[in-house]
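Chemist: Before anything else, here's the structure in question.
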Amino acid sequence: MDLIRCTSCFQHSPTLIAPTFRHQTTRKPNLTTISNNHGTVSTTRMVVKARGGGAAEAETALVDKPKVLKRFQVSEGHPAPFGATIQDCGVNFAIYSANATSATLCLIALSDLQQNRATEQIPLDPLANKTGDVWHVFLKGNFKDMLYGYIFDGEFSPEIGHYYDSSRILLDPYAKAVISRGEFGALGPEDNCWPQMAGMVPTSEYQHESSGTKFPGTYRGVVEKLDHLKELGVNCIELMPCQEFNESEYYSYNSVLGDYKLNFWGYSTINYFSPMIRYSSSGIRSCGRDAINEFKYLVKEAHKRGIEVIMDVVFNHTAEGNEKGLSLSFRGVDNCVYYMLAPKGEYYNYSGCGNTFNCNHPVVRQFILDCLRYWVTEMHVDGFRFDLASIMTRSSSLWDSVNVYGDPLEGDLITTGTPLSNPPLIDMMSDDPVLHGVKLIAEAWDAGGLYQVGRFPHWGVWSEWNGKYRDIVRQFIKGTDGLSGAFAECLCGSPNLYQEGGGKPWNSVNFICAHDGFTLADLVTYNNKHNLANGEDNNDGESHNYSWNCGHEGEFASISVKKLRKRQMRNFFLCLMVSQGVPMIHMGDEYGHTKGGNNNTYCHDNYINYFRWDKKEESSSDLFRFFHLMTKFRRECQSLGLNDFPTAERLQWHGHTPGKPDWSDTSRFVAFTLIDSVKGEIYVAFNTSHLPVTITLPERPGYRWEPLVDTSKPAPFDFLSNEVPERELAIKQYAHFLDANLYPMLSYSSIVLLLSPDENA
1 MDLIRCTSCF QHSPTLIAPT FRHQTTRKPN LTTISNNHGT VSTTRMVVKA RGGGAAEAET
61 ALVDKPKVLK RFQVSEGHPA PFGATIQDCG VNFAIYSANA TSATLCLIAL SDLQQNRATE
121 QIPLDPLANK TGDVWHVFLK GNFKDMLYGY IFDGEFSPEI GHYYDSSRIL LDPYAKAVIS
181 RGEFGALGPE DNCWPQMAGM VPTSEYQHES SGTKFPGTYR GVVEKLDHLK ELGVNCIELM
241 PCQEFNESEY YSYNSVLGDY KLNFWGYSTI NYFSPMIRYS SSGIRSCGRD AINEFKYLVK
301 EAHKRGIEVI MDVVFNHTAE GNEKGLSLSF RGVDNCVYYM LAPKGEYYNY SGCGNTFNCN
361 HPVVRQFILD CLRYWVTEMH VDGFRFDLAS IMTRSSSLWD SVNVYGDPLE GDLITTGTPL
421 SNPPLIDMMS DDPVLHGVKL IAEAWDAGGL YQVGRFPHWG VWSEWNGKYR DIVRQFIKGT
481 DGLSGAFAEC LCGSPNLYQE GGGKPWNSVN FICAHDGFTL ADLVTYNNKH NLANGEDNND
541 GESHNYSWNC GHEGEFASIS VKKLRKRQMR NFFLCLMVSQ GVPMIHMGDE YGHTKGGNNN
601 TYCHDNYINY FRWDKKEESS SDLFRFFHLM TKFRRECQSL GLNDFPTAER LQWHGHTPGK
661 PDWSDTSRFV AFTLIDSVKG EIYVAFNTSH LPVTITLPER PGYRWEPLVD TSKPAPFDFL
721 SNEVPERELA IKQYAHFLDA NLYPMLSYSS IVLLLSPDEN A
């Protein structure tokens with residue numbers, strides 16, 4: 001998780017995000033036949049090879065000529081809503097597929113799923129069970145421990161975008177819980193990485209039992225640690241992907257660490273409605289109903305503590321990959337609708353993951369909207385962060401103005417993937433009444449080169465991960481020339497990016513570190529990435545990190561280097577806390593978590609990614625104290641979470657002398673004063689030069705400046721809170737400077753001073 005924002009909080013306190021890999025697959029069919037008392041079962045086995053060299057088999061099951069079990073009463077059903085829905089003492093099933101020639105509903109008992117067997121199938125009559133392009137059926141009966149999927153038949157013509165295969169049982173894109181394996185990291189039967197999956201058939205038996213047991217790595221485990229986040233000052237957590245994905249997607253032996261690679265981050269969604277079942281302590285018990293309730297329990301407990309929950313969602317691609325990938329759901333249901341395809345059926349790859357979700361197609365954008373509404377109304381989440389959100393602004397396959405807007409547009413020459421100034425999906429989400437007040441955060445770029453930071457169509461409601469803030473702050477704090485003016489813009493909430501388009505400071509989600517990249521500790525410890533543990537010869541991950549090792553590469557360094565690193569970490573965090581906008585903190589940075597210089601830890605289910613609670617309790621947790629006090633200070637200041645950009649009436653810039661800022665290319669000093677209705681007036685300065693400097697402070701007759709924060713000091717004197725035993729003595733040590741309206745700053749340090757009445761005036 002990363003710390004991110006809660007915007008009911010437009011005081012913009014920090015918030016928390018929790019934990020892509022690109023691979024291609026090849027498949028080889030191998031058909032075997034099994035008999036059981038339900039009829040003859042055909043099982044298709046596929047060999048799936050990940051780029052890391054590992055191989056896995058994917059099995060699907062279907063029933064050939066099953067016995068009629070008479071377990072269910074079958075009627076025509078209704079075309080809405082999509083998915084499996086409880087209605088009139090039964091369940092209505094509805095699914096969109098425009099190009100399929102036939103559809104069959106498969107019901108699978110939980111016990112049969114483990115044996116790769118389908119229990120019963122119900123062919124759908126296109127005359128009775130189809131309305132427009134929606135197949136539907138209504139069933140009454142006993143659905144206890146029952147799952148479902150679909151078989152679609154039709155043309156298999158990849159060159160025109162069709163991948164229908166009647167040997168596959170497919171997931172319903174609207175399934176509310178996806179069941180396969182019950183334990184994270186465990187393989188299926190015969191070490192299968194892709195065992196058969198099926199959706200939960202809903203019933204009214206939703207129950208939840210609380211427990212005091214500790215459940216690491218689960219939704220309940222997060223609940224146990226919410227008080228830590230509350231202590232830190234977090235008011236919103238951003239969870240990394242918690243929608244169903246396959247952590248064994250590229251399961252392979254990692255000879256470097258002697259363990260197995262897993263998809264630890266989860267940016268490879270299989271189903272968007274189902275919570276990640278293997279993140280629950282209950283696993284597949286009760287066909288996923290307990291897992292749904294456990295996620296709701298997490299949200300409820302977070303809300304009790306005043307912490308909002310934001311979901312990291314991946315609507316830019318799915319786990320089905322390119323033309324060599326698997327048919328799990330969308331591809332087999334209606335490939336040319338759900339994916340962005342070239343004229344000859346090839347997959348556009350703006351995501352860098354093999355396929356691109358066809359977001360602005362009318363059916364797909366309604367699907368996305370339905371999904372977001374579900375997570376808000378049923379799971380009660382407070383917002384969403386959209387991975388590679390720029391893909392959602394690109395035109396869909398078969399784009400034409402009639403298809404999208406209902407009317408032709410003169411001179412409409414838009415081609416597939418063209419960035420749109422008014423993307424229909426973004427418009428729908430921004431104006432949707434159910435999503436009103438929900439936080440919408442864009443990662444405003446994609447792997448196809450589209451970069452929209454400051455230009456993402458926001459309709460007055462969207463925020464953005466401000467990647468430009470990250471890059472500028474990283475460079476200025478480490479002493480790069482020519483950035484003092486850009487750094488000042490960052491401190492003001494990046495008005496150069498957002499103000500002209502009607503934006504506000506909260507449009508900018510400010511961050512220094514996130515899951516993909518260096519941790520804060522590694523940012524000041526390594527000049528270069530060290531990703532050998534990923535088994536890709538250090539070829540993966542970003543090579544341009546704007547990091548500085550403070551004079552020595554790696555953790556084992558001299559005492560002076562280690563002191564400078566701690567100082568730099570405090571400088572980064574102080575900058576984050578005094579910037580207008582919404583501060584986001586990456587999980588573990590509050591105690592200095594290191595990944596050994598690995599900036600792409602997508603595949604490690606081990607100590608590299610785990611939060612080290614023991615480290616938080618060590619003496620080095622002086623950093624945690626600093627983080628805690630700085631978030632508290634920000635929360636107390638009225639002026640550090642403004643709803644509009646600061647003006648000259650409130651903010652004044654300074655250089656080494658008052659009122660004379662230095663914006664030259666060689667300047668490494670930025671200072672400002674900020675009028676605050678609670679604190680009176682605040683003075684903040686950053687000296688990122690390798691040289692110390694004595695600065696002259698602004699004169700305020702009848703008042704004097706007192707030090708609150710100085711990152712060059714050892715703890716606890718880095719933050720002179722009232723609890724510091726020798727606080728008054730520490731302040732007196734600066735009296736001869738402050739009496740002369742001066743303050744000495746060491747190299748690579750930052751300070752916060754407060755204005756207080758001068759008793760001697």
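In UniProt numbering, the protein residues as written are 1 to 761. Just so you know, even glycine gets a beta-carbon here, dropped at the ideal spot from N, CA and C.
Quick one: is Trp445 buried, meaning 16 or more other Cβ sit within 10 Å of its Cβ, or exposed?
Modeler: Result: buried.
Chemist: To the nearest whole angstrom, what separates the beta carbons of Val381 and Tyr297, a pair I think is in contact under 8 Å?
Modeler: That pair is no contact at about 13 Å.
Chemist: Which value, in whole angstroms, describes the spacing of the CA atoms of Asn741 and Phe476?
Modeler: Going from the Cα of Asn741 to the Cα of Phe476 covers about 27 Å.
Chemist: Going by DSSP, what residues sit across from Asn549 in a beta bridge?
Modeler: For Asn549, which the question treats as bridged, DSSP gives no partner whatsoever.
Chemist: Helix, strand or coil for Pro646 per DSSP?
Modeler: If DSSP states are grouped into helix, strand and coil, Pro646 belongs with coil.
Chemist: Shortest alpha-carbon distance to Phe518 belongs to which of Ile608, Gly581, Ile559?
Modeler: The residue with the shortest Cα to Cα distance from Phe518 is Ile608.
Chemist: The alpha helix (DSSP H) spanning Ala302 covers which residue range?
Modeler: It spans 289 to 304 - the alpha helix (DSSP H) in which Ala302 sits, taken as one unbroken run.
Chemist: How would you label Ile86, buried or exposed, when you count the other beta carbons within 10 angstroms and need 16 or more for buried?
Modeler: When all chains shown are included, Ile86 counts as exposed.
Chemist: Compare the beta carbon distance of Ile270 and Thr318 with 9 Å and say whether it is the shorter of the two.
Modeler: Contact: yes.
Chemist: Does the separation of the CB atoms of Asn496 and Gly581 fall below 9 Å?
Modeler: No; because the gap between Cβ atoms is not below 9 Å, this pair is not in contact.
Chemist: Tell me the DSSP secondary structure of Tyr748 in three-state form.
Modeler: DSSP places Tyr748 in coil when its eight states are reduced to three.
Chemist: For Cys336, which residues from the same chain have a beta carbon less than 6 Å from its beta carbon, with the 5 sequence-adjacent residues on both sides left out?
Modeler: Correct list, in chain order: Gly161.
Chemist: What are the boundary residues of the beta strand (DSSP E) that Asn606 is part of?
Modeler: No beta strand (DSSP E) contains Asn606, which DSSP labels as neither H nor E.
Chemist: Residues bridged to Gln243 by DSSP?
Modeler: The partner list for Gln243 (beta bridge, DSSP) reads Pro275.
Chemist: When you compare each of Asp665, His656, His436, Gly502 to Gly482 by their alpha carbons, which one comes out closest?
Modeler: With distances taken between Cα atoms, Gly482 lies closest to Asp665.
Chemist: Could you check the C-alpha separation between Ser463 and Leu435 for me, to the nearest Å?
Modeler: So the two alpha carbons sit approximately 14 Å from each other.
Chemist: Start and end of the beta strand (DSSP E) containing Thr85?
Modeler: Where Thr85 is concerned, the enclosing beta strand (DSSP E) stretches over 83 to 87.
Chemist: Can you tell me which of Ser180, Tyr347, Val313, Val314 puts its alpha carbon nearest to the alpha carbon of Lys324?
Modeler: Among Ser180, Tyr347, Val313, Val314, the Cα nearest to that of Lys324 belongs to Tyr347.
Chemist: Over what stretch of residues does the beta strand (DSSP E) that includes Tyr338 continue unbroken?
Modeler: It is not in any beta strand (DSSP E) - Tyr338 instead sits in the alpha helix (DSSP H) that spans 330 to 338.
Chemist: Quick one: measure Cβ to Cβ for Asp516 and Asn600, integer angstroms, because I've assumed they're closer than 8 Å.
Modeler: Contact flag correct, Cβ pair sits at about 7 Å.
Chemist: From what residue to what residue does the beta strand (DSSP E) around Gln580 run?
Modeler: Note, Gln580: premise wrong, no beta strand (DSSP E); not H, not E.
Chemist: Give the secondary structure of Lys140 by DSSP, where H, G and I count as helix, E and B as strand, and everything else as coil.
Modeler: If DSSP states are grouped into helix, strand and coil, Lys140 belongs with the strands.
Chemist: Run through DSSP, which three-state label would Ile169 get?
Modeler: If DSSP states are grouped into helix, strand and coil, Ile169 belongs with coil.
Chemist: Verify whether the separation of the beta carbon atoms of Tyr174 and Asp370 is less than 9 Å.
Modeler: Yes, Cβ-Cβ distance for Tyr174 and Asp370 is below 9 Å.
Chemist: At the level of alpha carbons, what is the spacing between Phe215 and Ser280?
Modeler: Roughly 9 Å between the two C-alpha positions.
Chemist: Beta-carbon within less than 8 Å of Phe487's beta-carbon, same chain only, minus the 5 sequence neighbours each way: which residues are those?
Modeler: The answer, listed in chain order, is Ile472, Val473, Phe476, Val670, Phe686.
Chemist: Mind checking who Tyr253 pairs with in its DSSP beta bridge?
Modeler: Tyr253 pairs with Tyr260.
Chemist: Leu105 and Leu124: beta carbons closer than 9 Å?
Modeler: Yes; because the gap between Cβ atoms is below 9 Å, this pair is in contact.
Chemist: Per DSSP, Lys439 is paired with what?
Modeler: Beta-bridge pairing links Lys439 to Gly383.
Chemist: For Arg305, count neighbouring C-beta atoms within 10 Å of its own C-beta (all shown protein chains included) and say buried if the count is 16 or more, exposed if not.
Modeler: Exposed, because fewer than 16 other Cβ atoms sit within 10 Å of the Cβ of Arg305.
Chemist: Using DSSP with H/G/I as helix, E/B as strand and the rest coil, what is Ala198?
Modeler: Ala198: strand per DSSP, three-state reduction.
Chemist: Within the present structure, is the beta-carbon of Arg570 separated from the nearest heavy atom of the ligand GTP by less than 8 Å?
Modeler: Ligands displayed in this structure: none; no statement on the ligand GTP is therefore possible.
Chemist: With a threshold of 16 other CB atoms inside 10 Å of the CB of Ala342, please say whether the residue is buried or exposed.
Modeler: Flag for Ala342 reads exposed.
Chemist: Starting from the C-beta of Glu209, find all residues in its chain whose C-beta is less than 6 Å away, skip the five residues before and the five after it, and write them out in chain order.
Modeler: Any reading at Glu209 needs caution, since the residue's pLDDT is 35, under 50, leaving its predicted position unreliable; the model's value is listed next. Within the same chain, Glu209 has no close Cβ partners at all.
Chemist: Hey, could you find the ends of the beta strand (DSSP E) Met146 is sitting in?
Modeler: Run containing Met146: 146 to 153, per the beta strand (DSSP E) assignment.
Chemist: Where Leu425 and Arg365 are concerned, what is the direct C-alpha to C-alpha distance, given to the nearest angstrom?
Modeler: If you take the alpha carbons of Leu425 and Arg365, they lie about 6 Å apart.
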